[in-house]
Amino acid sequence: MKLSNKIALYNSLTKIVIILVLSFVIYVFTDGISNYHLQERLVDKGKKFMSGLTQDHIDDLIQSQVNFTDYNILKEEFIILTPIRKVINVNHDNFTKQTREIEGEVHEYLVYTYYFRFNHHNYRLEIGETMSVLAQLEKSIWLFTFLVLFISVAVTLIIDIAFTNRLLRPFYNIVDKKLNKIHDPLSFSYVPEKTNTEDFVLLDKSLMQLMEKVSKQLDVEKQFTSNVSHELLTPISTLSTRFENLLNDESLSAAAFKKINDSLLTLTFIKRTIKDLLLIAKIENGQYEKFEEINLANLVGEIEMEMEDLLASKDIHFHNMLAKDIHIKGNSTLIHILFANLIKNAIKYNKRQGTIKISNEIKDGNIILFFEDSGIGMTEEAVQRIFNRYERFSTSPEEGHGLGLAIVKSIAVFHAVDIHVSSILHEGTTIELSVPIPHS
Amino acid sequence: MKILIIEDQKDLALEIAEFLFTEEGCIIDHAWKKSSALEKINEVEYDFILLDITLPDGNGLEVLKELKRIKNRKDAVIVLSARGATDDRIVGLELGADDYLPKPFSLAELRARIHAILRRKHQLNDNNIMVHGFSLNIQQRTFSYEDQELNLTKKEYEILNYLILNKNKVVARMSLTEHVWGDLYDAYADSNFVDVHIKNLRTKLRNYAKVDWFETVRGMGYRIKI
Numbered sequence: 001m002k003l004s005n006k007i008a009l010y011n012s013l014t015k016i017v018i019i020l021v022l023s024f025v026i027y028v029f030t031d032g033i034s035n036y037h038l039q040e041r042l043v044d045k046g047k048k049f050m051s052g053l054t055q056d057h058i059d060d061l062i063q064s065q066v067n068f069t070d071y072n073i074l075k076e077e078f079i080i081l082t083p084i085r086k087v088i089n090v091n092h093d094n095f096t097k098q099t100r101e102i103e104g105e106v107h108e109y110l111v112y113t114y115y116f117r118f119n120h121h122n123y124r125l126e127i128g129e130t131m132s133v134l135a136q137l138e139k140s141i142w143l144f145t146f147l148v149l150f151i152s153v154a155v156t157l158i159i160d161i162a163f164t165n166r167l168l169r170p171f172y173n174i175v176d177k178k179l180n181k182i183h184d185p186l187s188f189s190y191v192p193e194k195t196n197t198e199d200f201v202l203l204d205k206s207l208m209q210l211m212e213k214v215s216k217q218l219d220v221e222k223q224f225t226s227n228v229s230h231e232l233l234t235p236i237s238t239l240s241t242r243f244e245n246l247l248n249d250e251s252l253s254a255a256a257f258k259k260i261n262d263s264l265l266t267l268t269f270i271k272r273t274i275k276d277l278l279l280i281a282k283i284e285n286g287q288y289e290k291f292e293e294i295n296l297a298n299l300v301g302e303i304e305m306e307m308e309d310l311l312a313s314k315d316i317h318f319h320n321m322l323a324k325d326i327h328i329k330g331n332s333t334l335i336h337i338l339f340a341n342l343i344k345n346a347i348k349y350n351k352r353q354g355t356i357k358i359s360n361e362i363k364d365g366n367i368i369l370f371f372e373d374s375g376i377g378m379t380e381e382a383v384q385r386i387f388n389r390y391e392r393f394s395t396s397p398e399e400g401h402g403l404g405l406a407i408v409k410s411i412a413v414f415h416a417v418d419i420h421v422s423s424i425l426h427e428g429t430t431i432e433l434s435v436p437i438p439h440s
Numbered sequence: 001m002k003i004l005i006i007e008d009q010k011d012l013a014l015e016i017a018e019f020l021f022t023e024e025g026c027i028i029d030h031a032w033k034k035s036s037a038l039e040k041i042n043e044v045e046y047d048f049i050l051l052d053i054t055l056p057d058g059n060g061l062e063v064l065k066e067l068k069r070i071k072n073r074k075d076a077v078i079v080l081s082a083r084g085a086t087d088d089r090i091v092g093l094e095l096g097a098d099d100y101l102p103k104p105f106s107l108a109e110l111r112a113r114i115h116a117i118l119r120r121k122h123q124l125n126d127n128n129i130m131v132h133g134f135s136l137n138i139q140q141r142t143f144s145y146e147d148q149e150l151n152l153t154k155k156e157y158e159i160l161n162y163l164i165l166n167k168n169k170v171v172a173r174m175s176l177t178e179h180v181w182g183d184l185y186d187a188y189a190d191s192n193f194v195d196v197h198i199k200n201l202r203t204k205l206r207n208y209a210k211v212d213w214f215e216t217v218r219g220m221g222y223r224i225k226i
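Structure (structure tokens):
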């Protein structure tokens with residue numbers, strides 16, 4: 001989950017809790033206030049009724065009935081005066097909530113009961129006021145506050161998200177520019193990302209320091225490979241020169257000549273192995289650039305020309321079926337080596353009069369290249385192992401120094417190319433390269 | 001021919017010297033360090049300088065820079081390097097070196113390069129090497145017999161060129177294969193590609209004249225006698 005989403009989620013959750021708590025508090029508060037005001041009103045009405053109360057008035061009210069009841073039109077309030085025999089508790093205020101049915105309508109009322117004695121008679125006065133008005137009012141207030149809260153929360157949430165996104169933009173810029181798009185330290189930009197958030201400045205700085213260390217390390221490695229190659233190739237050079245000088249001696253016996261010649265072959269073998277290892281080392285510490293536009297059909301055509309003797313020696317039918325307009329971006333020297341190695345293997349492990357087909361298709365934004373041969377094939381187990389350094393394809397009589405596929409793998413990794421190998425023993429091998437299509 | 005070998009590996013320098021002295025009859029001078037190399041190039045003019053880049057007291061390319069500062073000098077320079085860095089080659093050639101040879105190189109290759117450069121530099125009007133009525137033009141990369149150009153493939157031309165530049169010497173098959181095909185072929189694979197090409201080449205030449213000067217030395221290689 002992204003940090004901005006997490007912050008947004010956290011914000012919305014806390015705000016929902018705040019809304020709930022606040023609405024509950026407001027609900028309780030308005031309920032208490034309105035109840036208090038209602039009670040005050042009822043007491044006021046009672047006092048008004050009592051002041052200036054005369055016997056005539058009472059008689060007039062009660063007349064022949066058992067008690068006096070008065071409702072207003074909306075039945076929102078009523079007054080009941082009942083003569084009673086005995087005063088239960090003089091001047092005792094009492095509020096009760098009662099449900100009353102008045103002329104067929106059921107309402108809930110808050111009733112104020114008041115006992116008093118007047119001219120040796122006891123009376124009970126009940127003043128009621130409907131609570132539904134109050135409930136409605138409370139509901140409106142509560143709804144209103146809820147709505148206001150909800151809108152303000154929604155608005156602040158949107159602002160929050162926009163703000164965190166803006167706040168985090170330098171972070172994503174740093175990650176994108178300085179981590180994701182960096183495949184080797186050479187392309188690293190040491191321009192600080194613009195931000196006034198100190199944490200991001202720190203992150204940016206730390207990344208730059210890290211990259212400096214990595215670059216230094218790579219420089220050391222480059223220096224090392226360069227030195228190793230010098231240390232190894234110079235004595236080889238001396239030896240091969242010495243052997244060649246020996247060969248010029250005309251008094252040399254045929255046997256000695258052959259031995260010296262074989263030694264020269266061994267030296268050539270060592271030289272090539274060192275060069276292959278150096279090539280892998282150089283690829284792996286990023287000493288190559290990869291911005292060249294390469295036309296694959298032309299490249300395969302060139303390699304076919306180069307290898308015409310090799311192809312002819314086994315009578316192999318070579319089919320370059322690549323679309324003419326397929327281009328990739330990379331290092332042309334390395335891609336040439338990659339293709340040449342694959343084709344060389346396809347020839348080496350092929351049958352006489354076999355075929356090699358090179359074709360392509362485009363799938364999911366990738367160019368898929370197929371190198372198909374009708375060769376000796378491999379077992380499933382062998383397929384698993386072929387990219388190990390020094391692992392040879394099979395126990396073929398053909399000799400090789402086994403680094404060809406290790407080179408293929410390094411070049412592929414360097415260019416973010418996926419390799420997939422499928423093979424059937426005695427029928428042939430297909431190597432699939434999946435190359436990302438360059439963005440123009 | 002006067003040659004200066006600037007190389008700190010004495011073994012190698014002495015081997016190269018032996019080859020150039022006995023086989024080519026050159027007069028050899030040595031410099032083991034950058035400082036002595038700088039002294040020598042200021043004192044003497046050479047026909048050829050073999051320049052190693054890695055010297056104990058500095059970069060050999062500085063010697064090349066110094067040489068280019070001196071006026072009216074025609075010393076040909078071949079840069080030698082075992083560092084395997086492509087930059088060395090580019091920088092060397094940009095500074096005005098005539099060629100670049102990565103170590104290890106074969107002596108036949110060195111000889112071929114020396115002769116090619118000498119022809120280019122000192123015999124500008126005559127780029128043709130005469131071979132028993134045939135002539136090889138190393139500038140235009142053609143091979144002809146009495147004004148008729150032979151129709152040779154690129155590889156056939158390369159083989160002829162290499163053997164002629166190593167004239168009168170046996171060129172080992174391996175050396176020839178490396179020169180023409182690079183490291184396309186495995187060192188141990190006993191390839192007969194060279195033989196096939198040489199057979200075709202002989203057939204083509206025979207249409208014009210006898211080719212008994214184009215020899216196969218059994219078990220060793222090939223030789224063109226002039």
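From first to last, the protein sequence lines are chains A and B.
Start counting the first sequence at 1; every next residue gets the next number (UniProt numbering).
Start counting the second sequence at 1; every next residue gets the next number (UniProt numbering).
Glycine residues also receive a C-beta, built at the ideal position from the N, C-alpha and C atoms.
Kindly identify the DSSP beta-bridge partner or partners of residue i.
{"i": "residue 27 (chain A)", "result": "According to DSSP, which records beta bridges pairwise, residue 27 (chain A) is partnered with nothing at all."}
{"i": "residue 435 (chain A)", "result": "A:367"}
{"i": "residue 55 (chain B)", "result": "B:58"}
{"i": "residue 428 (chain A)", "result": "A:424"}
{"i": "residue 462 (chain A)", "result": "This structure gives no information on residue 462 (chain A), because the portion of chain A shown stretches from 1 to 440."}
{"i": "residue 80 (chain B)", "result": "B:52 and B:101"}
{"i": "residue 227 (chain B)", "result": "With chain B covering 1 to 226 only, the question about residue 227 (chain B) has no answer from this structure."}
{"i": "residue 71 (chain A)", "result": "A:78"}
{"i": "residue 4 (chain B)", "result": "B:29 and B:49"}
{"i": "residue 318 (chain A)", "result": "A:356"}
{"i": "residue 362 (chain A)", "result": "A:367"}
{"i": "residue 373 (chain A)", "result": "A:356 and A:429"}
{"i": "residue 221 (chain B)", "result": "B:172 and B:217"}
Can you name the residues of chain B whose CB is closer than 7 Å to the CB of residue i?
{"i": "residue 230 (chain A)", "result": "54, 82 and 83"}
If the cut is a Cβ gap below 8 Å, which residues of chain A does residue i touch?
{"i": "residue 136 (chain B)", "result": "By Cβ distance, chain A contributes nothing, its closest Cβ being about 22 Å from residue 136 (chain B), past 8 Å."}
{"i": "residue 16 (chain B)", "result": "241"}
{"i": "residue 201 (chain B)", "result": "Chain A residues near residue 201 (chain B): none, gap ~13 Å exceeds 8 Å."}
{"i": "residue 48 (chain B)", "result": "Residues of chain A passing the Cβ test: none, with the nearest at roughly 16 Å."}
For my contact list, residue i and residue j are in at a C-beta cut-off of 8 Å; report their separation, rounded to the angstrom.
{"i": "residue 320 (chain A)", "j": "residue 306 (chain A)", "result": "Contact flag wrong, Cβ pair sits at about 13 Å."}
{"i": "residue 208 (chain B)", "j": "residue 157 (chain B)", "result": "Not confirmed; about 16 Å, so no contact."}
{"i": "residue 226 (chain B)", "j": "residue 214 (chain B)", "result": "The pair is not a contact, with the Cβ atoms about 11 Å apart (cut-off 8 Å)."}
{"i": "residue 377 (chain A)", "j": "residue 425 (chain A)", "result": "4 Å"}
{"i": "residue 123 (chain A)", "j": "residue 102 (chain A)", "result": "Wrong, their Cβ atoms sit about 21 Å apart, outside the cutoff."}
{"i": "residue 407 (chain A)", "j": "residue 341 (chain A)", "result": "6 Å"}
{"i": "residue 170 (chain A)", "j": "residue 211 (chain A)", "result": "Not really, about 17 Å apart at Cβ, beyond 8 Å."}
{"i": "residue 260 (chain A)", "j": "residue 318 (chain A)", "result": "Not really, about 38 Å apart at Cβ, beyond 8 Å."}
{"i": "residue 113 (chain A)", "j": "residue 130 (chain A)", "result": "Contact flag wrong, Cβ pair sits at about 16 Å."}
Starting from the beta carbon of residue i, find every residue of chain B whose beta carbon is closer than 9 Å, and list them in chain order.
{"i": "residue 257 (chain A)", "result": "219 and 220"}
{"i": "residue 373 (chain A)", "result": "In chain order: nothing, as chain B lies at least about 18 Å away."}
{"i": "residue 244 (chain A)", "result": "15, 19, 106, 107, 108, 172 and 175"}
How would you write the range of the alpha helix (DSSP H) that residue i sits in, first residue to last?
{"i": "residue 271 (chain A)", "result": "254 to 284"}
{"i": "residue 143 (chain B)", "result": "Run containing residue 143 (chain B): none in the alpha helix (DSSP H); it sits in the beta strand (DSSP E), 142 to 145."}
{"i": "residue 99 (chain A)", "result": "Careful: residue 99 (chain A) lies outside any alpha helix (DSSP H), inside the beta strand (DSSP E) at 94 to 102."}
{"i": "residue 62 (chain A)", "result": "55 to 62"}
What in chain B is Cβ-close to residue i, meaning under 8 Å?
{"i": "residue 271 (chain A)", "result": "104"}
For residue i, report the span of its beta strand (DSSP E) as first-last.
{"i": "residue 137 (chain B)", "result": "134 to 137"}
{"i": "residue 29 (chain B)", "result": "27 to 31"}
{"i": "residue 290 (chain A)", "result": "Taken as a continuous stretch (DSSP letters only), residue 290 (chain A) belongs to no beta strand (DSSP E), as it is neither H nor E."}
{"i": "residue 239 (chain A)", "result": "Where residue 239 (chain A) is concerned, there is no enclosing beta strand (DSSP E), although the alpha helix (DSSP H) it sits in stretches over 198 to 247."}
{"i": "residue 215 (chain B)", "result": "214 to 217"}
{"i": "residue 385 (chain A)", "result": "Unbroken run through residue 385 (chain A) is the alpha helix (DSSP H), 380 to 385; no beta strand (DSSP E)."}
{"i": "residue 128 (chain B)", "result": "128 to 131"}
Name, please, each residue of chain A whose Cβ falls closer than 9 Å to the Cβ of residue i.
{"i": "residue 174 (chain B)", "result": "261, 264, 265 and 268"}
{"i": "residue 21 (chain B)", "result": "Simply none; closest approach about 10 Å."}
Could you list which residues in chain A have their beta carbon closer than 7 Å to that of residue i, in chain order?
{"i": "residue 11 (chain B)", "result": "238"}
Would you call the region 215 to 227 of chain A and the region 279 to 299 of chain A in contact, with 3 or more CB pairs under 8 Å? yes
Three-pair Cβ contact test at 8 Å for the region 365 to 378 of chain A versus the region 423 to 439 of chain A: yes
Could you tell me whether the region 93 to 104 of chain B touches the region 250 to 260 of chain A, where touching means 3 or more Cβ pairs closer than 8 Å? no
Is there contact here, the region 39 to 50 of chain B with the region 61 to 69 of chain B, by at least three beta-carbon pairs under 8 Å? yes
Three or more C-beta pairs below 8 Å linking the region 222 to 240 of chain A and the region 275 to 282 of chain A: yes
Three or more C-beta pairs below 8 Å linking the region 328 to 342 of chain A and the region 289 to 302 of chain A: yes
May I ask you to verify whether the region 45 to 54 of chain B touches the region 126 to 138 of chain B, counting CB pairs closer than 8 Å and requiring at least 3? no
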